[in-house]
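**Q** All residue numbers for the sequence shown refer to the working numbering, where the first residue is 41 and numbers rise by one.
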Amino acid sequence: MDDVLEPSWSPDSRWLTYVKQLDNRLRAVYLYSVEKNQTNQITDALGDARYIVFDKSGKYIFFTASTNIGPTLSFADMSGIPHQTSRNVYAIVLRNDIPSPLAPESDEEKIEPEKKDAPPPGVTPTPTPMPPTPTPTPAAANQTTPTPTPTPPPPAPKKEAEPTRIDLEGIEQRVISIPQIPNRNFNGLYAGK
C-alpha cells in the first residue's frame, strides 16, 4: 500500500488536509492548521479514507472512503486479489453553523405580496403617451461631434480568499455520505465550481 499524503490546501492557504496511514494499515484524514501549527485526525480508523479535497468555498472537505478494503490489505497471501474494493464519497461540513448540503428543502411555496400598482385582473391599463422626439435641423445634422476614445477600465483589485473557518469540536459528527454518487473504485476526487 502506498503511503502518499495526497494534500489539499484550503482556499485561503491556512489549512492543509491530507491522509495518513494508521497502525491498522487503513488511512485517515488529517487537518493541519498553519497558524496554530496543530494537527488533528478528523476521521475515524474504521474506513480507508483517500482522495481528499477542499471545496472552492472552504465550507466542506470531500473524500472517499472504503469499508470493505480489509481483505485486500494482506501482504502475506493472495486471497484478497479477486476482492473488489469500493469507495463512497463523503463530505465534512467544516463549520457548525453551516447546514448539511443534503438537508431537505422546504416544499412550501413562497407567497409574494400583491403589487398595489397593478390593475385588478381583467382591466387593461391605459398606455402612457410617449413625448415626441425632436427632429434635427439641417445645420445640426452636418456638424460632427468628436467621439470620445474609450479608456481602459482600471484593473480590478485582487480579491483575497475569505478566511476558512473550521470548527474542530464535533467535526466527526458532521461527516455525511453523498448518496447521489454510487460507490465505485474511485481513483481521484477534484473540486469543481
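From the three backbone atoms N, C-alpha and C, an ideal C-beta is built for every residue, glycine too.
Taking just the CA atoms, how far does Thr189 sit from Ser146?
**A** The residue labelled residue 146 in the question sits at position 106 within the sequence shown. The residue labelled residue 189 in the question sits at position 149 within the sequence shown. Each residue's alpha carbon lies about 53 Å from the other.
**Q** Ordered along the chain, which non-local residues of its own chain (more than five positions away) have a Cβ less than 6 Å from that of Lys60?
**A** On the sequence shown, position 20 is the one that residue 60 refers to. Within the same chain, Lys60 has close Cβ partners Tyr70.
**Q** Which value, in whole angstroms, describes the spacing of the CA atoms of Ser73 and Pro195?
**A** Sequence index remark: in the sequence shown, residue 73 carries index 33 (1-based). Sequence index remark: in the sequence shown, residue 195 carries index 155 (1-based). Roughly 33 Å between the two C-alpha positions.
**Q** For the stretch 199-225, which segments carrying the beta strand (DSSP E) assignment without a break, of at least 3 residues, lie completely within its bounds, in sequence order?
**A** With a minimum length of 3 residues, the continuous beta strand (DSSP E) runs that stay inside the stretch 199-225 are 215-217.
**Q** Run through DSSP, which three-state label would Ala105 get?
**A** For the purposes of this step, residue 105 is identified with residue 65 of the sequence shown, where counting begins at 1. Ala105: strand per DSSP, three-state reduction.
**Q** Where does Met41 sit, in a helix, a strand or coil, going by DSSP?
**A** Along the sequence shown, one-based indexing puts residue 41 at 1. For Met41, the predicted model reports a pLDDT of 46, less than 50, meaning its position is unreliable and no value from the coordinates is stated.
**Q** Output the boundary residues of the beta strand (DSSP E) element that contains Thr34.
**A** No statement about residue 34 is possible, as the shown extent of the chain runs from 41 to 233 and does not include it.
**Q** State the CB to CB distance for the pair Gly87 and Leu66, rounded to an integer number of angstroms; the pair is presumed to be in contact (CB under 8 Å).
**A** Residue 87 sits at position 47 when you count from the first residue of the sequence shown. Residue 66 sits at position 26 when you count from the first residue of the sequence shown. That belief holds up - the Cβ atoms of Gly87 and Leu66 are roughly 7 Å apart, short of 8 Å.
**Q** Excluding the 5 residues preceding and the 5 following Ser140 in the sequence, name in chain order all residues of the same chain whose CB lies nearer than 7 Å to its CB.
**A** For the purposes of this step, residue 140 is identified with residue 100 of the sequence shown, where counting begins at 1. Result list for Ser140: Val133 and Ile216, in chain order.
**Q** Classify Ile151 as buried or exposed, calling it buried when 16 or more other Cβ atoms lie within 10 Å of its own Cβ.
**A** For the purposes of this step, residue 151 is taken as the residue at position 111 of the sequence shown. Looking at its Cβ environment, which holds fewer than 16 other Cβ atoms inside 10 Å, Ile151 is exposed.
**Q** To which residues of the same chain is Asp207 closer than 6 Å at the C-beta, ignoring the five residues directly before and after it?
**A** The sequence position of residue 207 within the sequence shown is 167, counting from 1. The answer, listed in chain order, is Arg135 and Asn136.
**Q** Assuming Arg90 is part of the beta strand (DSSP E), what are its boundary residues?
**A** Here residue 90 is taken as the residue at index 50 of the sequence shown, counted from 1. That run of the beta strand (DSSP E) goes Asp88 to Phe94.
**Q** For Asn64, which residues from the same chain have a beta carbon less than 7 Å from its beta carbon, with the 5 sequence-adjacent residues on both sides left out?
**A** For the purposes of this step, residue 64 is taken as residue 24 along the sequence shown, with counting starting at 1. Cβ within range, chain order: Ala85.
**Q** So the beta strand (DSSP E) Asn36 belongs to, where does it begin and stop?
**A** The chain is shown from 41 up to 233; residue 36 falls before or after that span and cannot be answered.
**Q** Using the rule of at least 16 other Cβ atoms within 10 Å of the residue's Cβ for burial, across every protein chain shown, is Arg90 buried or exposed?
**A** As a working note, residue 90 is residue 50 in the sequence shown. Per the 10 Å Cβ criterion, buried.
**Q** Using only the alpha-carbon positions, how far apart do Thr204 and Glu149 sit?
**A** Reading the sequence shown from its first residue, position 164 is the one you call residue 204. Reading the sequence shown from its first residue, position 109 is the one you call residue 149. Rounded to whole angstroms, Thr204 to Glu149 spans 34 Å at the Cα level.
**Q** Rounded C-beta distance between Ser50 and Val93? I'm assuming under 8 Å.
**A** One-based indexing of the sequence shown puts residue 50 at position 10. One-based indexing of the sequence shown puts residue 93 at position 53. Their Cβ separation, rounded to whole angstroms, is 10 Å, which puts Ser50 and Val93 out of contact at 8 Å.
**Q** Report all residues from its chain with a CB closer than 6 Å to the CB of Ala231; omit the five preceding and five following residues, and keep chain order.
**A** In the sequence shown, counting from the first residue as 1, residue 231 sits at position 191. The residues are Val93, Asp95 and Lys96.
**Q** Would you kindly work out how many angstroms separate the C-alpha atoms of Ala287 and Asn128, rounded to a whole number?
**A** The requested residue 287 does not occur in the structure, where the chain is confined to residues 41 to 233.
**Q** Among Asn77, Asn225 and Ile101, which has the Cα closest to the Cα of Glu212?
**A** Taking the sequence shown and counting its residues from 1, one reaches residue 212 at position 172. Among Asn77, Asn225 and Ile101, the Cα nearest to that of Glu212 belongs to Ile101.
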